[in-house]
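Trainee: For the protein sequence lines, the chains are A and B, in the order given.
1 is the number of the first residue of the first sequence in the working numbering; add one for each residue after it.
1 is the number of the first residue of the second sequence in the working numbering; add one for each residue after it.
2 protein chains.
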Amino acid sequence: MPANDRPPLWLRPEHGTRGPKPAHTRHAVAVAGIKIADTEGLDAVSMRRIAAELGTGTTSLYRYVSKKDEILQLMGDEVVGELRGTVLPADWRDALRTIARLMRETALRHPWFPALASGRPNHGPNSLWWTELTLSPFDGLDLGTDELLANLGTLSSFVLGHVQSEMADQEAARLSGLSHEQWMDREGEYGPMIMGSGRYPRLTRVMVEAETPHAADRRDRWFEAGLERVLAGIAAHLP
Amino acid sequence: MPANDRPPLWLRPEHGTRGPKPAHTRHAVAVAGIKIADTEGLDAVSMRRIAAELGTGTTSLYRYVSKKDEILQLMGDEVVGELRGTVLPADWRDALRTIARLMRETALRHPWFPALASGRPNHGPNSLWWTELTLSPFDGLDLGTDELLANLGTLSSFVLGHVQSEMADQEAARLSGLSHEQWMDREGEYGPMIMGSGRYPRLTRVMVEAETPHAADRRDRWFEAGLERVLAGIAAHLP
DNA sequence: GCGAACTGGGTACAGTGTTCGCAATATCCG
DNA sequence: CGGATATTGCGAACACTGTACCCAGTTCGC
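1) Identify, in the order they occur along the chain, each residue of the same chain with its Cβ nearer than 8 Å to the Cβ of F138 of chain B, setting aside the five sequence neighbours on each side.
2) Between L102 of chain A and the rest of its own chain, which residues show a CB-CB distance below 7 Å, the 5 nearest in sequence each way excluded?
3) Mind checking V163 of chain A: buried by the 16 CB within 10 Å criterion, or exposed?
4) For a contact defined as C-beta to C-beta under 8 Å, what are the partners of A236 of chain B on chain A?
5) Distance check for L160 of chain B and A117 of chain B, CA to CA, integer angstroms please.
6) Going along chain B, which residues have a C-beta under 9 Å from E123 of chain A?
7) Would Q240 of chain B count as contacting chain A if we go by Cβ distances under 7 Å?
8) Check each residue of the stretch 101-123 of chain A: if its Cβ is closer than 7 Å to any Cβ of chain B, include it; give the result in chain order.
9) What residues of chain B sit near L96 of chain A, judged by a beta carbon separation below 9 Å?
10) Please work out which residues of its chain come closer than 7 Å, Cβ to Cβ, to M1 of chain B, disregarding the five sequence neighbours upstream and downstream, and give them in chain order.
11) Exposed or buried, T131 of chain A, counting other C-beta atoms within 10 Å across all chains shown (16 or more means buried)?
12) What residue range does the alpha helix (DSSP H) around G226 of chain B cover?
13) Establish whether the CB of A28 of chain B and some CB of chain A are separated by less than 7 Å.
14) Going along chain A in order, which residues have a C-beta closer than 8 Å to the C-beta of Y64 of chain B?
15) For V206 of chain A, would you say it is in contact with chain B, using Cβ-to-Cβ distances shorter than 7 Å as the test?
16) For the stretch 47-63 of chain A and the stretch 106-122 of chain A, state whether three or more C-beta atom pairs, one from each stretch, are separated by less than 8 Å.
17) Taking all protein chains shown into account, do 16 or more other C-beta atoms lie within 10 angstroms of the C-beta of S127 of chain A, making it buried, or fewer, making it exposed?
18) Checking 7 Å against the spacing of the C-beta atoms, do T145 of chain B and E209 of chain A come in under that value?
19) Could you tell me which chain A residues have their CB closer than 9 Å to the CB of S136 of chain B, listed as they occur along the chain?
20) Could you compute how far the alpha carbon of D220 of chain A sits from the alpha carbon of L54 of chain B?
21) Within 10 Å of its beta-carbon, does Q182 of chain A have 16 or more other beta-carbons around it, so buried, or fewer, so exposed?
22) By Cβ distance below 7 Å, which residues in the same chain neighbour E40 of chain A in space, the five residues on each side in sequence not counted?
23) With the cut-off set at 7 Å, would you say V45 of chain B and I36 of chain B are in Cβ contact?
24) From which residue to which residue does the alpha helix (DSSP H) around P201 of chain B run?
25) Are the CB atoms of F223 of chain A and S157 of chain B within a distance shorter than 7 Å?
Okay, structure coming up:
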């Protein structure tokens, strides 16, 4: 019975009723994976590494999951589960703002999450619940499905794209094994070439003025600024 | 002389002046990588695979590049090079629309590109040229650097996020070795569970109505719809 | 001509996901 | 109660991956 003949992850019972009780659970596997991804990056999440974290044999994991990909799905759904208990404001604009900020905060907490979430949709219970919740702000305004999805898609595309590029340098620094400062120094080596060449006047101006203080909260401000623009754009297209 | 002591990719001369002439070029390496990525996916791009494509030894590639990551940078910059020759409309709104559409078309042509581009910034000549070009639409309106970057960041975050989720299922289908239809069928198995549970009324409604025709150009329409919203949001925040 | 700089490439190593096979164990059914 | 059956844990093995190290061969500057 090849793995392909089995039903997909979320339609499969977690374990059978016949044999010995499993020593672990899907939940434990997901948590182990998340712990590794948070501290060592998504690339460090390997079957052997997870098994070691659980203190079990490597191939025993295939009793809980049919492919590594399914572990990633478990991890993704588990992370979305952190948002359980969220209640949204009544005003659609406030609700969408809340959704966007929660998505971003989750991504900041788990830098590897956007890479997973931007992939195919997750059908885990937490993810389905979250999707349902993100559809609710549009209840009042009566929109067709197309307009609804266009609005929600615009918002989530923006958030996803933003957080992804937002943490690019942090991830890059970790992957290369350098500290953030070391990495910034290496990237900074390009500065003179760019600014000295004279071929990129606009880029040069941006680089010079970007050196100004308040760099710490700049990402926050950019995100909020972008969010307001997206919300304004959505509002402008309401019937 | 470890690789880490050498200057970063774009500050290093492509080859020395002393020894034998190299049998290939960075350009050829990038093209080989792109060819593989386009036809077999980004995961298929390995040092051995590229070397085979070029008809050279695997470790000879390290004469052109110090890490595999640098090959990915070469590939990214090469793809951006396809946009050389672009001339933008005078009106800032038309210009941004053109930029967004070109980014999307490039992503559709090279599905692996967004995953690279959403990472750390590329400092290759084509990428720098493109960045400079994307800054130009704001020349007329006199904006501070912060507003300028907020506007451009909003647009590119949206485009990046959109194309990434846009092609998620295609990539997922290829990775699992199934045809697109087969994959859709497997995903469709979740339908009854979701709609039958009664816990997701809004999601159910969306799924039912999404079955309507015109599925083919739905992505196009969603992208255009989102783009107009983003542009409207940017316009709303101009001084 | 000679040393220094440079290129090509084979070998080796530590890691990856996953398949197969087998022993141990728990439940269901007669 | 006694098998038959389903299920679990897991070691061995396979075909991959990126790249450090080494050495021979080539070409330029002096």
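Ideal Cβ positions, reconstructed from N, Cα and C, are used throughout, including at glycine.
Mentor: To lay it out plainly:
1) Counted from its first residue, the second sequence places residue 138 of chain B at position 138. W92, L148, N151 and L152.
2) As a working mapping, residue 102 of chain A is identified with position 102 in the first sequence. The answer, listed in chain order, is L83 and T86.
3) As a working mapping, residue 163 of chain A is identified with position 163 in the first sequence. V163 of chain A should be labelled buried.
4) As a working mapping, residue 236 of chain B is identified with position 236 in the second sequence. Here the neighbours are R229, A232, G233 and A236.
5) On the second sequence, residue 117 of chain B is found 117 positions in, with the first residue counted as 1. On the second sequence, residue 160 of chain B is found 160 positions in, with the first residue counted as 1. Near 8 Å, if we compare the C-alpha coordinates of L160 of chain B and A117 of chain B.
6) As a working mapping, residue 123 of chain A is identified with position 123 in the first sequence. The question names Glu, but residue 123 of chain A in the sequence shown is His. By Cβ distance, chain B contributes E187, Y190, M193 and I194.
7) In the structure displayed, chain B extends from 1 to 239; residue 240 of chain B sits before or after that span and is not available.
8) Answer in chain order: S118, G119, R120 and H123.
9) Stepping through the first sequence from its first residue, residue 96 of chain A is reached at position 96. Residues of chain B passing the Cβ test: none, with the nearest at roughly 12 Å.
10) Here residue 1 of chain B is taken as the residue at index 1 of the second sequence, counted from 1. Low confidence applies to M1 of chain B: its pLDDT is 34, below 50, so where it sits in the model is not reliable enough to give any reading.
11) Against the first sequence, residue 131 of chain A aligns to sequence position 131. It counts as buried.
12) Numbered from its first residue, the second sequence carries residue 226 of chain B at position 226. Counting along the chain, the alpha helix (DSSP H) containing G226 of chain B begins and ends at R218 to A236.
13) What you label residue 28 of chain B is simply residue 28 of the second sequence in a count that begins at 1. It does not; no Cβ of chain A falls within 7 Å.
14) Mapped onto the second sequence, residue 64 of chain B falls at position 64. None at all; the shortest Cβ gap to chain A is about 19 Å.
15) Counting from 1 along the first sequence, the entry for residue 206 of chain A is found at position 206. Yes, contact with chain B.
16) Not touching, per the Cβ criterion.
17) For the purposes of this step, residue 127 of chain A is taken as the residue at position 127 of the first sequence. S127 of chain A should be labelled buried.
18) Within the second sequence, residue 145 of chain B is the residue found at index 145, counting from 1. Within the first sequence, residue 209 of chain A is the residue found at index 209, counting from 1. Yes. Within cutoff.
19) By 1-based counting over the second sequence, the position of residue 136 of chain B is 136. What S136 of chain B touches in chain A: R202.
20) Mapped onto the first sequence, residue 220 of chain A falls at position 220. Mapped onto the second sequence, residue 54 of chain B falls at position 54. Cα-Cα distance, rounded: 45 Å.
21) On the first sequence, residue 182 of chain A is found 182 positions in, with the first residue counted as 1. The residue in question, Q182 of chain A, is exposed, as its Cβ has fewer than 16 Cβ neighbours within 10 Å.
22) On the first sequence, position 40 is the one that residue 40 of chain A refers to. Excluding sequence neighbours, E40 of chain A sits near nothing in its chain.
23) For this step, residue 45 of chain B is matched to residue 45 along the second sequence. For this step, residue 36 of chain B is matched to residue 36 along the second sequence. Going by C-beta atoms, V45 of chain B is nearer than 7 Å to I36 of chain B.
24) Position 201 of the second sequence, counted from the first residue, corresponds to residue 201 of chain B. Looking at the DSSP string, the run of the alpha helix (DSSP H) that includes P201 of chain B is P201 to E209.
25) Position 157 of the second sequence holds residue 157 of chain B. Position 223 of the first sequence holds residue 223 of chain A. For S157 of chain B and F223 of chain A, no; Cβs fall outside 7 Å.
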